[in-house]
Structure formats: C-alpha cells, structure tokens
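*Asks:* Here you go, one structure.
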Amino acid sequence: MRKQTGKTEMIKLSSVTLCALLTLGATAAVARDCGPDALGVSRTIAIGPKGTAVGLQSYPRTLDLQDHEVVLTFDDGPAEPTARVLDALAKECALATFFVIGRNAEETPALVRREAAEGHSIGYHSYSHPANTLRLMYDDAAKADIEKGVAAVEKASGGKSAPFFRFPGFADTPELVSYLEGKGFTIFGSDLWASDWSPMAPKAELDLVMSRLEKAGKGIVLFHDSKAQTAAMLPDFLTALKSRGYKLVHIVPGAGETPVVDAGPDWTSTTEPIIAKTLAGKVKGAAAGDGHGHSHGDQ
Ligand SMILES: [Zn+2]
C-alpha cells in the first residue's frame, strides 16, 4: 500500500512538473499573472517550412483564420515605444509577431531579447528599411540588405527569430519573393492595417482599426511598434478585442503545411497602387537611399 501511495504521489508530482513545463513552453518561460479576464492567446498556428506569401492586401491568399480571429503584427522596431507595446501585451498575456529592422536590432538588442523572452515571434524587415524600398534596389544589393537584416536579428534575439519576412512598404519583387520562399521564408503582407504611419490621436487610431476589423471580421493586423500613438492605444485596443469577442492567434514556426485560404476571383492588391504612387518617378539603383526616418509614410 505504501509503495502504491508513493507511486501515486510520484505520478502526481510528475504531472505537476509536466504541466509546469508545458506552461513554460507555451509562454516562453515567463511568469504571467494576467488573471482570468486577460485576452490571452486562443490558439497557435504553425507556419510550415515551405515558403509562401500571405496577407490579402498584397497577396491573393492569407492564413486560414476563423471568424473573429486576429493575428497581431508590429513593424519597424525595436524603437522607443516598443517597451510600452510589450508592457500592454504582457498585461493581457497577448502574443504578437514583431518584424524587426536589422539596424534597430543592433542598436537595442535588449528589446529584441525581451520580445523573445516574453514569447513573441520575431521576423525580419530588412536591415536598413531603404527609403526607395527593396524593389528599387538591384537584386544583389536587396538580397544583401535582407541577409544582413536576418543576421542582425538572429544575433540580437539569440537565435530565437523565425523565418518570417515582411517587405518594407510591402514593395516586393517576384525575384525577391521567390528567393525568400526558396529559403523557406513565409512572407507576410497584412489583411488590414491601422494606418498608424499617419499622425492621429490614439482614440482616432483605435476607432479606425476597429472599424476596419469589424468590416473584415478577422485577419492579420499591421501596426508599428515604432509609433507612440500605437503604444498609447494598444491597451484600449486589446480591451476592445475582448469586449467584442475577438480571439488572438499566435503564429510560430513549425512543421507541416501552413494553413492558407485563397482569395476569390475578385481579389485585387491594396498595396500596389500605394507603392506605385510612392515610387513614381524613382529609378532602380544600387544605393536606394536610407529610410530610417520613415518620412515617406512607411508601411
Ligand atoms: Zn516598415
């Protein structure tokens, strides 16, 4: 009998340990104390190793999300508002994906490490975020910028980054898309955005992005953690998601096939007319400029 009891206790202990480990795995070893009312993450989607391109604003397919499911993405960090963005997410046990600029990662690696430690996914967004976009750089220069960005973010994150890429300003080229897909990267456009490159009050940004989300019903949402107005509105945005019944989906690198759904025959690109306007009159060149200031209304 005593033996039996001992065995049972051992099994119980093992269960507790296993549970703790699973919890640690799910939250990347961060102690979280959000309470039962936190938004949290409802499910995780594994992004497979076969490269693809998703996000209806740029591509005729997107992740296969259910109604009221949302994927949060943040571009252009780490920057000054990034810590506040991370604080807001942590408070709700919410997980997002950060598309990090290589040069910024070199400047503030501690914030990239914090993103990784808190369980967020970390993707790439070029090294220099060139003002004329990667599209107007010669292929060799564009690929060099992409690779330098990957190396910088890998180093800053301690090898925790994922093969996720978002083109600065969504300005891809067929050559660069196939180059990245061939290396197993999934390219992320977005399904909707907050237009947070335009200066506006946090409340105005909140109303705008929620109205777009209500219209779309679900999707990959693009924000910029480089924008103070976004950091300021984020707590209210997460509260609004909760109160309106939205659920967060976290994307992570994994095995298998990425679950995607094709757009209908009426699909058109939202981003191409914007890119055409931004790049009008500019000429393809070796050195396409420096976009660190993001003065061109960066996406
Ligand atoms: Zn950007």
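Under mature numbering (1 follows the signal peptide of the UniProt record, and there is no 0), read the sequence shown as residues -28 to -1, 1 to 271, first letter to last.
For every residue, glycine included, the Cβ atom is placed at its ideal position computed from N, Cα and C.
All values reported here derive from a predicted model rather than from experimental measurement.
#1: Rounded to whole angstroms, what is the Cα-Cα separation between T158 and R86?
#2: Tell me the DSSP secondary structure of I246 in three-state form.
#3: Which class does R184 belong to by DSSP, given the choice of helix, strand or coil?
#4: So, at 6 angstroms on beta carbons, what are the nonlocal neighbours of residue 286 in its own chain, with the 5 sequence-adjacent residues on each side left out?
#5: What residue range is occupied by the uninterrupted alpha helix (DSSP H) comprising L210?
#6: Cβ of P140 versus every heavy atom of ligand 2: is any distance shorter than 6 angstroms?
#7: Just grab the DSSP bridge partners of L164 for me.
#8: Can you tell which of I247, G257, A114 and T230 has the C-alpha that lies nearest to the C-alpha of R33?
#9: Looking at residue 291: is its Cβ nearer than 7 angstroms to the Cβ of A114?
#10: Take the Cβ of K187 as the centre, count every other Cβ of all protein chains shown within 10 Å, and call the residue buried at 16 or more, exposed below.
#11: Please name the residue, chosen from E126, L180 and L108, that lies closest to L148 on a Cα-to-Cα basis.
#12: For the candidate residues V255, A252 and V221, whose alpha-carbon lies nearest to that of T16?
#13: Could you tell me whether the stretch 172 to 179 touches the stretch 205 to 222, using the rule of 3 or more Cβ pairs below 8 angstroms?
#14: Report whether the distance from the Cβ of D36 to the nearest heavy atom of ligand 1 is below 6 angstroms.
#15: Can you tell which of A82, A88 and E52 has its C-alpha closest to the C-alpha of A62?
#16: Between Y99 and G74, which are expected to be in contact by the criterion C-beta below 8 angstroms, what is the C-beta distance as a whole number of angstroms?
#17: I'd like to confirm something about D47: is its beta-carbon nearer than 6 angstroms to some heavy atom of ligand 1, or not?
#18: Can you give me the Cβ contacts of D39 inside the same chain, cut-off strictly under 8 angstroms, excluding the 5 residues immediately before and after it?
#19: From this set, E90, L83, G141 and D112, which residue's C-alpha is nearest A128's C-alpha?
#20: If you follow the alpha helix (DSSP H) that K63 is part of, which residue opens it and which one closes it?
#21: Check whether the Cβ atoms of F71 and G91 sit closer than 7 angstroms, and answer yes or no.
#22: If contacts are defined as beta-carbon pairs under 8 angstroms, then T45 and A68 qualify, I think. What distance do you get, rounded to the angstrom?
#23: My guess is that G161 and T250 are in contact by the Cβ rule of under 8 angstroms, so how many angstroms apart are they, rounded?
#24: Going by C-alpha to C-alpha distance, which of V122, A10 and I192 sits closest to residue 272?
#25: Which residues in the same chain have their Cβ closer than 6 angstroms to the Cβ of L164, if we skip the five residues on either side of it in sequence?
*Replies:* Short version:
#1: For the pair T158 and R86, the Cα-to-Cα distance works out to about 23 angstroms.
#2: Helix at I246.
#3: DSSP places R184 in helix when its eight states are reduced to three.
#4: Given a span of -28 to 271 for the chain in the structure shown, any question on residue 286 remains unanswerable.
#5: For L210, the enclosing alpha helix (DSSP H) stretches over residues A200 to S215.
#6: Only ligand 1 can be found as ligands here, which leaves ligand 2 out of the picture.
#7: In the DSSP assignment, the residues bridged to L164 are V193.
#8: When each option's Cα is compared against that of R33, the closest is T230.
#9: What is shown of the chain runs -28 to 271, which leaves residue 291 out entirely.
#10: Counting Cβ neighbours within 10 Å, K187 comes out exposed, since fewer than 16 surround it.
#11: Minimum Cα distance to L148 is reached at L108.
#12: Here the closest residue by C-alpha is V221.
#13: A contact exists between the stretch 172 to 179 and the stretch 205 to 222.
#14: Because no heavy atom of ligand 1 lies under 6 angstroms away, the Cβ of D36 does not count as near it: no.
#15: Checking every option, the nearest Cα to that of A62 belongs to A88.
#16: A Cβ-Cβ distance of about 4 angstroms is found for the pair Y99 and G74, placing them in contact under the 8 angstroms criterion.
#17: Answer for D47: yes, Cβ within range of ligand 1.
#18: Its chain contains G189 and K190 as the residues whose beta carbon lies nearer than 8 angstroms to that of D39, once the 5 sequence neighbours on both sides are disregarded; these appear in chain order.
#19: Shortest Cα-Cα distance from A128 to any of E90, L83, G141 and D112 involves L83.
#20: K63: member of the alpha helix (DSSP H) spanning T54 to K63, first to last residue.
#21: No, the Cβ-Cβ distance between F71 and G91 is not below 7 angstroms.
#22: About 6 angstroms separates the beta carbons of T45 and A68, which is inside the 8 angstroms limit, making them a contact pair.
#23: In fact, because the Cβ distance is near 16 angstroms, the residues do not count as touching under 8 angstroms.
#24: There is no way to answer for residue 272, as the model of the chain reaches only from -28 to 271.
#25: Excluding the 5 residues flanking it on each side, L164 has same chain C-beta neighbours closer than 6 angstroms at R184, A188, G191 and V193, in chain order.
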